[in-house]
Amino acid sequence: MAYSKHKKLVMEKIDADKTYLLDEAISLLKDLSAKKFDESVDVAVNLGIDPRKSDQVIRGSSVLPNGTGKTVRVAVFAQGDLAEEAKKAGADVVGFEDLADDMKSGQIDFDVVIATPDAMPVVGKLGQILGPKGLMPNPKVGTVSADVATAVKNAKSGQVRFRVDK
2 MAYSKHKKLV MEKIDADKTY LLDEAISLLK DLSAKKFDES VDVAVNLGID PRKSDQVIRG
62 SSVLPNGTGK TVRVAVFAQG DLAEEAKKAG ADVVGFEDLA DDMKSGQIDF DVVIATPDAM
122 PVVGKLGQIL GPKGLMPNPK VGTVSADVAT AVKNAKSGQV RFRVDK
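Taken in order, the sequence shown gives residues 2 to 167; the numbers are from the numbering used here.
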């Protein structure tokens with residue numbers, strides 16, 4: 002099989018049998034970058050746990066210091082003063098029953114759904130719609146929160162979620 006010039010260069014510089022430390026791996030990635038756009042890196046970590054056991058599930062979120070570079074559209078389920086806070090914080094769509102009706106009709110044009118604890122009975126009815134898309138709010142990830150302004154700011158500024166894959 003014929004390899005490209007870049008592939009040959011990468012094969013020369015990287016030893017497939019060696020395990021690289023994080024600092025070495027990042028410097029190698031920077032040295033071998035030959036694209037005219039910002040490349041992305043996926044990290045897979047072998048934790049040695051069984052995801053089928055409920056006490057070994059790992060799930061959470063982290064806010065990256067420089068963001069992800071993507072613009073995130075945020076929908077917030079809130080009412081009253083919390084709805085106003087969400088709008089001021091930069092939420093794209095804010096609503097309660099009306100937003101739930103829009104979602105039931107199939108209008109899902111956002112990347113993150115945030116809900117207040119009092120809105121969870123309304124959001125719970127949308128579990129079959131939001132769940133398969135990975136949009137269902139979850140307190141462990143920080144998308145169910147009484148502090149809506151902070152949750153919206155985190156989502157907009159590059160919050161990434163992680164969880165155990167099966």
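Just so it is clear, CB atoms sit at the ideal spot from N, CA and C, and this is done for glycine as well.
Assigned secondary structure, residue i (DSSP; H/G/I helix, E/B strand, else coil)
{"i": "alanine 147", "result": "coil"}
{"i": "valine 95", "result": "strand"}
{"i": "alanine 101", "result": "helix"}
{"i": "valine 161", "result": "strand"}
{"i": "alanine 90", "result": "helix"}
{"i": "lysine 167", "result": "coil"}
{"i": "leucine 10", "result": "helix"}
{"i": "asparagine 139", "result": "coil"}
{"i": "lysine 154", "result": "helix"}
Nearest-angstrom beta carbon gap, residue j and residue i [assumed within contact, 8 Å]
{"i": "valine 95", "j": "alanine 84", "result": "5 Å"}
{"i": "alanine 90", "j": "valine 153", "result": "4 Å"}
{"i": "isoleucine 109", "j": "lysine 134", "result": "7 Å"}
{"i": "valine 44", "j": "proline 52", "result": "So it is not a contact: roughly 17 Å between Cβ atoms."}
{"i": "glutamate 86", "j": "valine 149", "result": "5 Å"}
Same chain, Cβ closer than 6 Å to residue i, five either side skipped, listed in chain order
{"i": "valine 123", "result": "Ala101"}
{"i": "lysine 88", "result": "Val95"}
{"i": "alanine 92", "result": "Val75, Val77 and Val153"}
7 Å Cβ shell around residue i - same chain, five flanking residues per side excluded
{"i": "alanine 156", "result": "Val73, Val75, Val113 and Ile115"}
{"i": "serine 34", "result": "Glu40"}
{"i": "proline 118", "result": "Val145 and Ala147"}
{"i": "serine 158", "result": "Val64 and Gly68"}
Limits of the alpha helix (DSSP H) - the one that residue i falls within
{"i": "isoleucine 130", "result": "128-131"}
{"i": "valine 123", "result": "121-125"}
Cβ neighbours of residue i in the same chain (closer than 8 Å, five flanking residues each side left out)
{"i": "leucine 29", "result": "Lys14, Ile15 and Tyr21"}
{"i": "glutamate 98", "result": "Val123"}
{"i": "alanine 120", "result": "Phe78, Ala79, Gln80 and Phe97"}
Extent of the continuous beta strand (DSSP E) to which residue i belongs
{"i": "valine 114", "result": "113-116"}
Exercise. Which whole runs of the alpha helix (DSSP H) in the segment 18-83 are 4 residues long or more, in chain order?
Worked result: Within the segment 18-83, the complete alpha helix (DSSP H) segments at least 4 residues long are 23-33, listed from N- to C-terminus.
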